[in-house]
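Okay, structure first, notes after.
2 protein chains.
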Amino acid sequence: MSSSRRGHRERLVYETAQQLRRAGVTGTGLRRVVSDAGAPRGSLQHYFPGGKDQLVGEALQWSGTWAAARVMHHVDRMRRPTPSRLFAAIVDEWAADLDARDFSRGCPVAASVIDCADTNDTVRRAADAALETWRRPITEALVEMGRPRRRAERLSTLMLCALEGALVVARARRDTTPLGLVARELAPVLDA
Amino acid sequence: MSSSRRGHRERLVYETAQQLRRAGVTGTGLRRVVSDAGAPRGSLQHYFPGGKDQLVGEALQWSGTWAAARVMHHVDRMRRPTPSRLFAAIVDEWAADLDARDFSRGCPVAASVIDCADTNDTVRRAADAALETWRRPITEALVEMGRPRRRAERLSTLMLCALEGALVVARARRDTTPLGLVARELAPVLDA
DNA sequence: GCCGGACTATGACAGATGTCATACTAGCGG
DNA sequence: CCGCTAGTATGACATCTGTCATAGTCCGGC
Chain U
1 MSSSRRGHRE
11 RLVYETAQQL
21 RRAGVTGTGL
31 RRVVSDAGAP
41 RGSLQHYFPG
51 GKDQLVGEAL
61 QWSGTWAAAR
71 VMHHVDRMRR
81 PTPSRLFAAI
91 VDEWAADLDA
101 RDFSRGCPVA
111 ASVIDCADTN
121 DTVRRAADAA
131 LETWRRPITE
141 ALVEMGRPRR
151 RAERLSTLML
161 CALEGALVVA
171 RARRDTTPLG
181 LVARELAPVL
191 DA
Chain X
193 MSSSRRGHRE
203 RLVYETAQQL
213 RRAGVTGTGL
223 RRVVSDAGAP
233 RGSLQHYFPG
243 GKDQLVGEAL
253 QWSGTWAAAR
263 VMHHVDRMRR
273 PTPSRLFAAI
283 VDEWAADLDA
293 RDFSRGCPVA
303 ASVIDCADTN
313 DTVRRAADAA
323 LETWRRPITE
333 ALVEMGRPRR
343 RAERLSTLML
353 CALEGALVVA
363 RARRDTTPLG
373 LVARELAPVL
383 DA
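These protein sequence lines map, in sequence, to chains U and X.
Residue numbers are given in our numbering: position 131 of the first sequence equals residue 131, and the series is strictly consecutive.
Each number in our numbering corresponds to the 1-based position in the second sequence with 192 added.
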């Protein structure tokens, strides 16, 4: 039936994204993805004839649009939006996720870049695209807040850099304070 | 002879660190490490009875002390040291490395954290330790420049977060500008 | 009723992984 | 010369990987 069809396909994409967050690309086994997704193994071959690359690519794309949606959600929720508040909202959500999942999951995009930047250009491109998908709504929000477009581009990049790095350091330490730290320290730069 | 002994052992550690930078922990195969290091396969078993975990652990430790040495080198070279100049020096060196190696290699510590934070606590701890080894000389330099210790701790963490994140973004884009960007944008915060 | 397409099931494949057991070589001290 | 130890060599092990071939099931349309 078409409901389980869509169910299985997107379950696989979602579960792949989660595995990427846990163990990176190389550490993500398709058999485990299938079993954790509760999907039949045959669905892999059926929905993703492009193999693992296609699956990982779609997982990254999904992650990018999901992150973008979260950004827009935060923007909508803020009564008096400022760049630093937007950044704080994004960072806080990640910190809560790290806490809730005991630092087991990071950013799927970062994981893919680190694993594949030199070994798999298809995946690298997908990660790059996901990053841009994520960054765009941030840039737009900053423009909305009165920053010149050129400046907004720089600031959104700065935010993502600081966030990605803080995620790595936080997971290494098993301590979310680096996330709060970058949010706090970047505030004056973002709001200047 | 004892020269080749030391030679083989540290060659293996070094080569492992390089592979970590390329492909992460899971993507680093011991057979390839051995062959790229030009070392006999039997040496693995001989020098690293603890297996892959030990090898990766020592590679991370080596990377940490190497990075720390680079920091101290930069500090020594600066006539009128400021936090932002130190950060710029560190960042520039990474940017040059990315360029020279065509974005093929990132930070071994970040790679290990992302691959193993949830799957291998031994490696995660080694990565955490390496990060601290790296951060310490930065903190000390900042103290030397007149920052209160508490503040220096925060700033050194901020630097590493921004750097690690910029490395990921730069490798995704195959473009080093994010590195220069974080250096430039963080300057006022660092020097305040 | 039955044909055709979408989906699933399962097993096999070649290759790579980390680890271990075993045997070998060299060199040094007795 | 013998024995000991550090280092090397090599092959085998079980396990896991992604991929593919094949056959099966289900269901709507003719």
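Note that CB positions come from ideal geometry on N, CA and C, so glycine has one too.
Exercise. For V305 (chain X), which residues from the same chain have a beta carbon less than 7 Å from its beta carbon, with the 5 sequence-adjacent residues on both sides left out?
Worked result: One-based indexing of the second sequence puts residue 305 (chain X) at position 113. Hits under 7 Å: R316 and A319.
Exercise. In chain order, what residues of the same chain lie with their CB nearer than 6 Å to the CB of S63 (chain U), ignoring the 5 residues before and after it?
Worked result: Taking the first sequence and counting its residues from 1, one reaches residue 63 (chain U) at position 63. Closer than 6 Å at Cβ, skipping near neighbours: A17, P108 and A130.
Problem set entry | Cβ neighbours of H266 (chain X) in the same chain (closer than 7 Å, five flanking residues each side left out) | Along the second sequence, read from residue 1 onward, the residue named residue 266 (chain X) stands at position 74. Within the same chain, H266 (chain X) has close Cβ partners L278, A281 and I282.
For this session: Please confirm if E377 (chain X) has its CB atom under 9 Å from at least one CB of chain U.
Result: Locating residue 377 (chain X) in the second sequence gives position 185, where the first residue counts as 1. With 9 Å as the cut-off, E377 (chain X) counts as an interface residue toward chain U.
For this session: Could you tell me whether any Cβ in chain U is nearer than 9 Å to the Cβ of S227 (chain X)?
Result: By 1-based counting over the second sequence, the position of residue 227 (chain X) is 35. For S227 (chain X), the answer is no, since every Cβ of chain U falls outside 9 Å of its Cβ.
Problem set entry | Straight-line Cα distance separating A288 (chain X) from R366 (chain X) | As a working note, residue 366 (chain X) is residue 174 in the second sequence. As a working note, residue 288 (chain X) is residue 96 in the second sequence. Distance between R366 (chain X) and A288 (chain X), taken at the CA atoms: about 13 Å.
Exercise. M145 (chain U): buried (16+ other C-beta within 10 angstroms of its C-beta) or exposed?
Worked result: Position 145 of the first sequence, counted from the first residue, corresponds to residue 145 (chain U). Label assigned to M145 (chain U): buried.
Exercise. Using DSSP with H/G/I as helix, E/B as strand and the rest coil, what is S3 (chain U)?
Worked result: For the purposes of this step, residue 3 (chain U) is identified with residue 3 of the first sequence, where counting begins at 1. Confidence is the limiting factor: at S3 (chain U) the pLDDT is only 39, short of 50, which leaves the residue's position unreliable and the question unanswerable from this model.
Exercise. What does E93 (chain U) reach in chain X if we use C-beta pairs closer than 7 Å?
Worked result: Here residue 93 (chain U) refers to the residue found at position 93 of the first sequence. Annotation: E93 (chain U) has no Cβ neighbours in chain X at a cutoff of 7 Å; minimum Cβ distance is about 17 Å.
Exercise. Buried or exposed: which applies to R5 (chain U), given that a residue is buried once 16 or more other Cβ atoms fall within 10 Å of its Cβ?
Worked result: On the first sequence, position 5 is the one that residue 5 (chain U) refers to. Reliability fails at R5 (chain U), whose pLDDT of 46 lies under 50, so the model's placement of it is uncertain and the value that follows must be treated cautiously. R5 (chain U) sits exposed, since fewer than 16 C-beta atoms from the chains shown fall within 10 Å of its C-beta.
Exercise. Hey, how far is the Cα of T325 (chain X) from the Cα of A354 (chain X)?
Worked result: Working through the second sequence from its first residue, we reach residue 325 (chain X) at position 133. Working through the second sequence from its first residue, we reach residue 354 (chain X) at position 162. In this structure, the CA atom of T325 (chain X) is about 17 Å from the CA atom of A354 (chain X).
For this session: Please name the residue, chosen from U:V25, U:R22, U:V33 and U:A23, that lies closest to H8 (chain U) on a Cα-to-Cα basis.
Result: In the first sequence, the residue the question calls residue 8 (chain U) occupies position 8. Ranked by Cα distance from H8 (chain U), the options U:V25, U:R22, U:V33 and U:A23 are led by U:V33.
For this session: Note the first and the last residue of the continuous alpha helix (DSSP H) segment covering D76 (chain U).
Result: Counting from 1 along the first sequence, the entry for residue 76 (chain U) is found at position 76. Looking at the DSSP string, the run of the alpha helix (DSSP H) that includes D76 (chain U) is G51 to R77.
Exercise. By Cβ distance below 7 Å, which residues in the same chain neighbour D291 (chain X) in space, the five residues on each side in sequence not counted?
Worked result: The sequence position of residue 291 (chain X) within the second sequence is 99, counting from 1. Around D291 (chain X): T368.
For this session: Identify which residue in U:L142, U:F48 and U:G106 has its Cα closest to the Cα of M72 (chain U).
Result: Within the first sequence, residue 72 (chain U) is the residue found at index 72, counting from 1. Comparing Cα-Cα distances from M72 (chain U) to each of U:L142, U:F48 and U:G106, the minimum goes to U:L142.
Exercise. In the structure shown, what three-state DSSP assignment does S156 (chain U) receive?
Worked result: For this step, residue 156 (chain U) is matched to residue 156 along the first sequence. Helix at S156 (chain U).
Problem set entry | For A192 (chain U), the three-state DSSP class (helix, strand or coil) | The sequence position of residue 192 (chain U) within the first sequence is 192, counting from 1. A192 (chain U) falls in the coil class under three-state DSSP.
For this session: Find the residues of chain X that neighbour G27 (chain U), judging by a C-beta separation of less than 9 Å, and give them in chain order.
Result: By one-based count along the first sequence, residue 27 (chain U) stands at place 27. By Cβ distance, chain X contributes G216, V217, T218, G219, D307, C308 and T311.
Exercise. Which stretch, first to last residue, makes up the alpha helix (DSSP H) that contains A205 (chain U)?
Worked result: Any property of residue 205 (chain U) remains undetermined from this structure, which presents chain U solely from 1 to 192.
Problem set entry | Inter-residue spacing [alpha-carbon to alpha-carbon] between Y206 (chain X) and A187 (chain U) | Reading the second sequence from its first residue, position 14 is the one you call residue 206 (chain X). Reading the first sequence from its first residue, position 187 is the one you call residue 187 (chain U). Whole-angstrom Cα-Cα distance: 39 Å.
Exercise. Do we get a CB-CB distance below 9 Å when we pair E245 (chain X) with the residues of chain U?
Worked result: Your numbering for residue 245 (chain X) matches position 53 in the second sequence. At residue 245 (chain X) the sequence reads Asp, which differs from the Glu that was named. Proximity of D245 (chain X) to chain U, defined by a Cβ-Cβ separation below 9 Å, is not satisfied.
For this session: Just the chain U side, please: which residues come within less than 8 Å of A303 (chain X) by C-beta, in chain order?
Result: Within the second sequence, the letter at position 111 stands for residue 303 (chain X). The answer, in chain order, is I114 and D115.
Exercise. For A69 (chain U), is the classification buried or exposed, using 16 other Cβ atoms within 10 angstroms of its Cβ as the cut-off for buried?
Worked result: Here residue 69 (chain U) refers to the residue found at position 69 when the first sequence is read from its first residue. Looking at its Cβ environment, which holds fewer than 16 other Cβ atoms inside 10 Å, A69 (chain U) is exposed.
For this session: Please say whether D115 (chain U) and D307 (chain X) have beta carbons closer to each other than 9 Å?
Result: Mapped onto the second sequence, residue 307 (chain X) falls at position 115. Mapped onto the first sequence, residue 115 (chain U) falls at position 115. The Cβ atoms of D307 (chain X) and D115 (chain U) lie closer than 9 Å to each other.
For this session: Please classify A384 (chain X): is it buried, with 16 or more other beta-carbons within 10 angstroms of its beta-carbon, or exposed?
Result: In the second sequence, counting from the first residue as 1, residue 384 (chain X) sits at position 192. The residue is exposed, with fewer than 16 neighbouring Cβ atoms inside 10 Å.
Exercise. Taking DSSP as the reference, what is the three-state secondary structure of P370 (chain X)?
Worked result: Taking the first residue of the second sequence as 1, we reach residue 370 (chain X) at position 178. In the structure shown, P370 (chain X) falls within a helical segment according to DSSP collapsed to helix, strand and coil.
For this session: Output yes if chain X places a C-beta closer than 9 Å to the C-beta of F103 (chain U); else output no.
Result: As a first step, residue 103 (chain U) is located in the first sequence; it is residue number 103 there, counting from the start. Taking Cβ atoms only, chain X reaches closer than 9 Å to F103 (chain U), which makes this a yes.
For this session: Would you verify that the beta carbon of P83 (chain U) is, or is not, closer than 9 Å to some beta carbon of chain X?
Result: The residue you call residue 83 (chain U) lines up with position 83 of the first sequence. Not closer than 9 Å to any Cβ of chain X, the Cβ of P83 (chain U) fails to qualify, so no.
Problem set entry | Residue-chain proximity (T331 (chain X), chain U), Cβ-Cβ < 9 Å | For the purposes of this step, residue 331 (chain X) is taken as the residue at position 139 of the second sequence. Not one chain U Cβ lies under 9 Å of T331 (chain X).
For this session: Check the Cβ of L131 (chain U) against every Cβ in chain X and list those closer than 7 Å, keeping chain order.
Result: To locate residue 131 (chain U), count along the first sequence from 1; it is residue 131. What L131 (chain U) touches in chain X: V361 and A364.
Exercise. Hey, how far is the Cα of T257 (chain X) from the Cα of E332 (chain X)?
Worked result: Position 65 of the second sequence, counted from the first residue, corresponds to residue 257 (chain X). Position 140 of the second sequence, counted from the first residue, corresponds to residue 332 (chain X). Going from the Cα of T257 (chain X) to the Cα of E332 (chain X) covers about 15 Å.
Exercise. Buried or exposed: which applies to M351 (chain X), given that a residue is buried once 16 or more other Cβ atoms fall within 10 Å of its Cβ?
Worked result: Along the second sequence, read from residue 1 onward, the residue named residue 351 (chain X) stands at position 159. Around the beta carbon of M351 (chain X), a 10 Å sphere encloses 16 or more other beta carbons of the protein chains shown; the residue is thus reported as buried.
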